[in-house]
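Please read the structure below before turning to the comments.
Numbering (this note's numbering), first residue to last: 24 to 234.
Okay, structure coming up:
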């Protein structure tokens with residue numbers, strides 16, 4: 024039912040009160056470019072010609088998966104991300120530690136972290152890291168991914184604005200483009216959910232934050 028009333032989005036009251044974490048999985052791009060931009064036939068040729076990849080039963084190279092570990096602050100929508108070749112507990116913990124350090128450098132103390140019920144986030148390593156960092160670990164409700172909706176929306180923005188935004192000639196070139204896109208997202212891209220201002224403007228303790 025449409026009431027004409029503005030949509031009310033729940034958000035935590037200050038930066039760091041809650042961060043959301045998740046993993047976005049992307050197929051690696053073959054040298055020369057993937058099928059989305061060069062067509063499926065040419066994309067398959069590029070895939071077959073990409074060197075140094077293990078082969079499947081049909082002798083075609085296994086391109087593998089890029090696991091984009093994403094972190095977003097609930098209040099500001101400021102985002103942090105790293106690309107890895109797995110989604111193990113050890114990697115998830117390392118990303119969390121790096122993200123906490125990154126947010127601390129920007130005047131934000133992380134208090135809670137919300138994740139889904141993936142194995143990395145149910146691990147003893149994740150639990151112990153949260154205790155060590157003084158962070159309360161929260162989980163989304165099973166079979167209700169919308170409870171982590173902010174990061175799901177960020178993943179759509181990430182896909183459209185970076186992952187599939189242009190013709191990358193290799194996986195290396197796509198990965199190299201992520202930091203610049205993240206800076207653009209955080210510092211310059213207006214965010215409709217927070218009044219059409221860049222996310223970084225909601226962090227009040229960072230000198231030179233608007234550059």
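Positions of the beta carbon are idealized from the N, C-alpha and C atoms, including for glycine.
Between the region 212-220 and the region 114-132, are three or more C-beta pairs nearer than 8 Å? Contact between the region 212-220 and the region 114-132 is absent, because fewer than three Cβ pairs lie under 8 Å.
In whole angstroms, what is the alpha-carbon distance linking residue 36 and residue 174? Counting from 1 along the chain shown, the entry for residue 36 is found at position 13. Counting from 1 along the chain shown, the entry for residue 174 is found at position 151. Taking the straight line joining both Cα atoms gives about 17 Å.
Just list the alpha helix (DSSP H) runs in the region 109-175, keeping only unbroken ones of 4 residues or longer that don't cross its boundaries, in chain order. 112-127 and 147-156
According to DSSP, is residue 90 part of a helix, a strand, or is it coil? Translated into the one-based positions of the chain shown, residue 90 becomes position 67. Here residue 90 carries a strand assignment [DSSP, helix/strand/coil].
Determine whether the beta carbon atoms of residue 137 and residue 43 lie at a separation below 8 Å. Translated into positions along the chain shown, residue 137 becomes position 114. Translated into positions along the chain shown, residue 43 becomes position 20. Contact: yes.
From residue 183 to residue 40, what distance separates their C-alpha atoms? Translated into positions along the chain shown, residue 183 becomes position 160. Translated into positions along the chain shown, residue 40 becomes position 17. Each residue's Cα considered, the two are about 28 Å apart.
DSSP three-state label for residue 195, please. Here the question's residue 195 lines up with position 172 in the chain shown. It is helical.
Out of curiosity, what's the CA-to-CA distance linking residue 171 and residue 201? Position 148 of the chain shown, counted from the first residue, corresponds to residue 171. Position 178 of the chain shown, counted from the first residue, corresponds to residue 201. C-alpha separation (whole angstroms): 22 Å.
Nearest candidate by alpha-carbon position, reference residue 209, set 198, 140, 100 and 179: Counting from one through the chain shown, the residue named residue 209 turns up at place 186. Of the candidates 198, 140, 100 and 179, the one whose C-alpha sits nearest the C-alpha of residue 209 is 100.
Residue 199 classed as buried or exposed, judged by whether at least 16 other C-beta atoms fall within 10 angstroms: Here residue 199 refers to the residue found at position 176 when the chain shown is read from its first residue. That one is exposed.
In three-state DSSP terms, what is residue 208? As a first step, residue 208 is located in the chain shown; it is residue number 185 there, counting from the start. For residue 208, the secondary structure class from DSSP, reduced to helix, strand or coil, is helix.
With DSSP run on the structure shown, which of helix, strand or coil describes residue 35? If you number the chain shown from 1, residue 35 lands on position 12. In the structure shown, residue 35 sits in coil (DSSP, three-state: anything other than H, G, I, E or B).
For residue 50 versus residue 93, is the C-beta distance shorter than 8 Å? Working through the chain shown from its first residue, we reach residue 50 at position 27. Working through the chain shown from its first residue, we reach residue 93 at position 70. Not closer than 8 Å, so no.
For residue 114, verify whether its CB is less than 7 Å away from any heavy atom of the ligand SAM. What this structure holds is no ligand at all, so the ligand SAM is not there to describe.
Taking residue 161 as the reference, which of 148, 147 and 140 has the closest Cα? Within the chain shown, numbered from 1, the residue matching residue 161 stands at position 138. For residue 161, the nearest C-alpha among the options comes from 140.
Residue 70 classed as buried or exposed, judged by whether at least 16 other C-beta atoms fall within 10 angstroms: Here the question's residue 70 lines up with position 47 in the chain shown. At residue 70, the pLDDT of 49 sits below 50, so the modelled position is not reliable and the matter cannot be decided from this model.
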